[in-house]
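Protein chains: 2
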Amino acid sequence: MIPPDGRTLAQTSEQELLASIFPVLPTRPEVLIGVGDDTALLQVPSGAVLVTTDSMVLGRDWIDDWSTGADVGHKVVTQNLADIAAMGGVCTGVVVSLIAGRDTTVAWCRELNEGIADACRAENVAVLGGDLSSAPDDVRVVSITALGELNGSSAVRRDGARVGDVVAVSDSLGRSDAGLRLLQAGTTDRAPELVAFHRRPVARLAAGPDAAAAGATALMDISDGLVRDGRRIATASGVGIDLSRELLTPFARRLETAVGDDAWACVLSGGEEHTLLATFPDDVVPQGWSLVGRVVEGSDVTLDGQPQQGGGWDHFGG
Amino acid sequence: MIPPDGRTLAQTSEQELLASIFPVLPTRPEVLIGVGDDTALLQVPSGAVLVTTDSMVLGRDWIDDWSTGADVGHKVVTQNLADIAAMGGVCTGVVVSLIAGRDTTVAWCRELNEGIADACRAENVAVLGGDLSSAPDDVRVVSITALGELNGSSAVRRDGARVGDVVAVSDSLGRSDAGLRLLQAGTTDRAPELVAFHRRPVARLAAGPDAAAAGATALMDISDGLVRDGRRIATASGVGIDLSRELLTPFARRLETAVGDDAWACVLSGGEEHTLLATFPDDVVPQGWSLVGRVVEGSDVTLDGQPQQGGGWDHFGG
């Protein structure tokens with residue numbers, strides 16, 4: 001348990017904060033040098049390292065009324081680990097950057113750290129190091145960079161989808177978006193499990209290496225929405241992706257009690273789901289994956305042949 | 001040259017911005033998968049990777065009146081590369097995270113990118129990937145995670161300094177702090193070269209592997225000030241460090257014309273210098289390094305035997 005600590009960062013020192021953070025962090029035998037020096041040193045037995053980075057920003061990716069520090073820690077780890085899984089790899093270690101206004105409480109920082117440590121420990125991921133920076137009040141950013149390895153399989157990129165492949169997902173669609181809508185509407189009691197998933201999405205990370213081993217031709221994780229992320233595979237591979245309303249209906253049905261007519265928007269455009277999206281030759285779809293469409297001639301994402309506009313999150317204006 | 005682009009991020013799209021950023025980025029043969037997929041994949045011939053992260057925050061680490069986007073890009077790369085050098089290593093690749101309010105101009109983002117790309121190219125460092133996130137207006141954070149290798153030498157940590165070792169620095173002291181003081185005083189014409197160094201510190205990165213090869217017993221880079229960072233070596237090694245006023249006098253002299261009586265404060269406490277600080281057995285100090293003191297019995301940093309309070313930058317209150 002974290003002792004309550006209502007002090008702000010302005011009332012503590014970097015050194016004191018780090019002293020309470022370091023002992024909680026998980027490690028593993030491949031970590032030759034861990035937290036506390038200029039850099040960490042991590043063994044890479046396969047001779048090649050996967051690397052990715054993803055951030056969460058207060059006021060955009062979370063608000064304190066809806067998410068605890070531990071929720072934020074879990075979520076930002078999951079986002080990064082899903083990106084590693086989306087190449088067919090397994091994460092070995094992360095570095096964490098916290099940029100926080102001096103008005104941030106020490107308790108929040110400790111909760112964040114517990115969330116990061118717990119989420120990493122659950123996947124045998126080491127926290128290798130990090131960086132603390134002060135910022136103007138009201139600013140809080142958590143950035144993680146994750147390192148991983150392929151363990152013998154080839155990296156699965158976005159550009160290998162071929163006409164005739166099937167399109168499949170490793171898990172749910174739209175749950176995170178549906179949970180967010182309940183928070184926004186103040187009706188969280190309609191489906192607390194969706195709200196919980198929005199706060200701490202759980203990614204089925206083993207599906208990534210499974211897909212690689214099975215021969216997936218393209219693979220990524222759904223962070224910005226099925227249509228938008230599907231378009232990324234379509235563009236990179238020079239193909240079209242035709243989603244099937246029939247195949248997607250069960251995903252929408254599961255959300256209808258909670259969000260009614262918004263269920264389809266959640267399924268098609270909901271981000272932060274971290275389900276994996278892949279294309280496979282017809283006969284090799286691994287267990288636990290669900291078919292949602294087909295790779296076709298073309299250059300965009302369609303639903304039963306109909307073009308889909310937008311369909312997800314863009315960070316800026318467009 | 002960057003075409004002027006006064007549009008803000010609210011008036012562009014993530015995709016459009018990325019399309020202008022990607023072509024500028026340097027790569028190298030070890031990059032098996034670069035920007036544009038879920039993760040990058042980098043060969044690590046030595047079988048172990050160094051990893052570090054460091055950030056710059058608008059309003060704390062820079063203000064737009066004093067630094068261009070390109071200045072910020074150069075500086076944040078240098079900070080990270082100096083951390084790799086401070087283990088005795090060489091940087092191979094970086095990932096970049098930009099968190100920016102929608103009020104940020106496209107032109108600024110492009111300048112930042114040019115600065116990062118130029119600084120990396122100069123050191124044969126690949127930009128492996130990154131992350132763009134929107135943020136509330138007035139927020140801008142640039143985080144870099146750098147990967148590197150040791151190329152056969154052993155990592156030099158902070159905890160190996162032994163009583164009787166000499167203490168040496170690889171380059172200047174206090175230049176960045178002196179430059180900042182001139183900016184704050186509006187007297188930049190007194191020493192434009194110090195102001196330029198504050199905006200774009202140049203680190204003698206080869207000094208890190210040189211020190212490792214020569215047998216340095218402890219090594220780090222001066223990012224928070226000579227006394228504060230020296231204390232980190234002292235604490236980790238369980239020794240004292242006694243700095244010599246006589247040996248430091250030439251460093252202060254060089255700053256006196258510009259900042260007068262503040263010269264000693266710059267030398268002892270000035271951060272963001274990214275000069276390397278090392279301890280060596282007496283007889284092995286490499287060429288180009290300057291002696292500044294001795295490792296002694298004790299537990300803190302002294303100047304001619306006198307205790308030094310504070311002596312540098314703490315991110316928070318303490």
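Heads up: the sequence lines are chains A and B, in that order. The first sequence lines up with residues 1 to 318 when you count with full-length UniProt numbering. The second sequence lines up with residues 1 to 318 when you count with full-length UniProt numbering. The beta-carbon is built from N, C-alpha and C at its ideal position, and this holds for glycine as well.
Cβ neighbours of residue i in the same chain (closer than 7 Å, five flanking residues each side left out)
i	result
Ile2 of chain B	Here the model assigns Ile2 of chain B a pLDDT of 47, short of 50, so the residue's position is not dependable, and the following value carries that caveat. Result list for Ile2 of chain B: Ala107, Arg110, Glu111, Glu114, in chain order.
Val44 of chain A	Glu149
Thr27 of chain B	Gly34, Ala126
Glu123 of chain B	Leu81, Cys91, Leu205
Phe280 of chain A	Asp165, Val166, Ala168, Ala214, Gly215, Ala216, Thr217
His274 of chain A	Thr78, Gln79, Ala82, Pro201, Ala203, Asp221, Ile222, Ser223
Val24 of chain A	Asn113, Glu114, Ala117
Phe197 of chain B	Arg175, Ser176, Gly179
Thr12 of chain B	Val106
8 Å CB neighbourhood of residue i in its chain, flanking five on each side removed
i	result
Gly318 of chain A	Low per-residue confidence applies at Gly318 of chain A: pLDDT is 48, beneath 50, and the placement is therefore not dependable enough to give any value.
Ser299 of chain B	Ala234, Thr235, Gly238, Val239, Gly240
Pro39 of chain A	Correcting the residue type first, residue 39 of chain A is Thr in the shown sequence and not Pro. Around Thr39 of chain A: Ile33, Gly129.
Option in the options with minimal Cα separation from residue i
i	options	result
Thr8 of chain B	B:Leu248, B:Ala135, B:Arg121	B:Ala135
Ser269 of chain B	B:Gly288, B:Thr302, B:Gly152	B:Thr302
Arg158 of chain A	A:Ala216, A:Asp224, A:Val90, A:Gly47	A:Ala216
Arg254 of chain B	B:Glu193, B:Thr12, B:Asp131	B:Glu193
Gly36 of chain B	A:Phe22, A:Thr53, A:Val202	A:Thr53
Ala212 of chain B	B:Gly186, B:Val156, B:Arg175, B:Ala265	B:Val156
residue 320 of chain A	A:Arg140, A:Val94, A:Met87, A:Ala85	Nothing about residue 320 of chain A can be reported from this structure: the residues present for chain A run from 1 to 318 only.
Val227 of chain B	B:Leu277, B:Asp138, B:Glu297	B:Leu277
Val31 of chain A	B:Gly89, B:Val51, B:Ala196	B:Val51
Asp171 of chain B	B:Leu291, B:Val296, B:Ala185, B:Gly59	B:Leu291
Pro29 of chain B	B:Leu41, B:Phe22, B:Ile21	B:Leu41
Environment of residue i [buried if 16+ CB atoms lie within 10 Å]
i	result
Arg162 of chain A	exposed
Asp61 of chain B	buried
Asn80 of chain B	buried
Pro307 of chain B	exposed
Asp71 of chain A	buried
Ile63 of chain A	exposed
Leu98 of chain B	buried
Arg232 of chain A	buried
residue 319 of chain B	Residue 319 of chain B lies beyond the stretch modelled for chain B, which goes from 1 to 318, so this question has no answer here.
residue 327 of chain B	It is not possible to answer for residue 327 of chain B, since the shown part of chain B is limited to 1 through 318.
Gly293 of chain A	buried
Arg181 of chain B	buried
Leu18 of chain B	exposed
Phe154 of chain A	This sequence places Ser at residue 154 of chain A; Phe is not what is there. Under this definition Ser154 of chain A is an exposed residue.
Asp229 of chain B	buried
Gly47 of chain A	exposed
Ala258 of chain A	buried
Pro286 of chain B	buried
Gly260 of chain B	exposed
Residue i CB to nearest heavy atom of the ligand NAD below 8 Å
i	result
Ala258 of chain A	Inclusion of the ligand NAD in the displayed structure is not the case, the ligand content being empty and no account of it being possible.
For residue i, the three-state DSSP class (helix, strand or coil)
i	result
Glu297 of chain B	coil
Ile33 of chain A	strand
Asp221 of chain A	strand
Glu123 of chain B	coil
Gly318 of chain B	Because Gly318 of chain B sits at a pLDDT of 49, beneath the cut-off of 50, its placement in the model cannot be relied upon, and the point is left open.
Asp54 of chain A	strand
Gln287 of chain B	coil
Gln43 of chain B	strand
Thr275 of chain A	coil
Pro307 of chain A	strand
Ala70 of chain A	helix
Thr302 of chain A	strand
Ala48 of chain A	strand
Thr8 of chain A	strand
Ile2 of chain A	Model confidence at Ile2 of chain A stands at a pLDDT of 47, short of 50, so the residue's coordinates are unreliable; what they give is reported in the following sentence. Here Ile2 of chain A sits in coil by DSSP.
Sequence-distant residues of the same chain with beta carbon closer than 6 Å to residue i, five excluded per side
i	result
Gly74 of chain B	Looking at the sequence itself, residue 74 of chain B is His, so the reference to Gly does not match. Excluding positions up to five away in sequence, the list reads Gly115, Ala119, Arg200.
Val76 of chain B	Met56, Val142, Ile144
Asp304 of chain B	Arg245
Gly288 of chain B	none
Val284 of chain B	Ala214, Gly215
Next item on the list: Just list the alpha helix (DSSP H) runs in the segment 88-152 of chain B, keeping only unbroken ones of 4 residues or longer that don't cross its boundaries, in chain order.
Entry: 106-122
Item checked: Length at least 4, wholly inside the segment 217-269 of chain B: the alpha helix (DSSP H) runs in chain order -> 226-237, 245-259, 263-269
Check: Could you give the uninterrupted runs of the beta strand (DSSP E) lying entirely in the segment 142-209 of chain A, keeping only those of 3 residues or more?
Finding: 166-169
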